[in-house]
Each structure stands twice: as structure tokens, then as C-alpha cells.
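Accompanying notes for the structure given below.
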Amino acid sequence: MEYVAFVEATVEYFGKVVAIVEYVGKVVAIVEYVGKVVAIVEFAEIVIAITECAGIVLSIVDIVMVITEYFEKILDIAEYIEIKKASVIVGIVLAMSNAIAIVTKQIFIFKMYPV
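Each number in the working numbering comes from the position in the sequence shown (counting from 1) with 10 added on.
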């Protein structure tokens, strides 16, 4: 009878050991799960940091685009002014050539028909 009682006590003891191992296994699983959650949170923080960096880069790109557009407008105005200047210069040259032609005609007329 003592042998049976010993076997029963041993089985009961190993049952408790198995229960403890299972419990430790569950704790390890929870710790691993928490580790995964922490890893996900860290990844999310990295993604947020990258997004913020991207936002800063996009802000810089926006600023550069605005400056570029501004300079394009300035260049458009400059081109317009250059065209106006060119047309004014052409107008002056034409007026001078017309004046020279008129004066030349007058001189030619005075030479042909002196008064």
C-alpha cells in the first residue's frame, strides 16, 4: 500500500510540475506577445518618424516649388520687359531710319531743285 501511495504522490507531484511548466509556458507566451507588441509600437514610432521626415521634406519641396514659381513669374515679367524694350528699340531704329530717309530725300530734292 505504501508503494501505491508513493506512486500516487509521485504522479500528483509530476502533475503539479507539468502544471507549473504549462504556466511558465503561458507566461513565456505572454512575454513574447508583449515583445511583439513592443516591436510593433517601435515600428510604428519609426514609421511616424519617417512620416514626419517625409513631411519636412515635402514642406521643403513645397517651399522650393513656391520659390521656383516666383522666379518663373519674375522671368516671365523680365521676358515681357525685354520684349517691350526690344519693340521700343526697334521702334526707335525705325523712326531714326525714317527720319534719315526723310532728311536724305530733302537733301536730294534741294540738290536737284535748288531754291
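The C-beta atom is built at its ideal place from N, Cα and C for all residues, glycine as well.
- A straight-line Cα-Cα distance of about 10 Å links residue 24 and residue 17.
- When DSSP assignments are scanned along the region 37-83, no uninterrupted stretch of alpha helix (DSSP H) that is 4 or more residues long falls wholly within it.
- Taking the CA atoms as reference points, residue 29 sits about 10 Å from residue 35.
- For residue 65, there are no CB contacts under 8 Å within the same chain when 5 residues up- and downstream are skipped.
- Between residue 50 and residue 57, the alpha-carbon positions lie close to 10 Å from each other.
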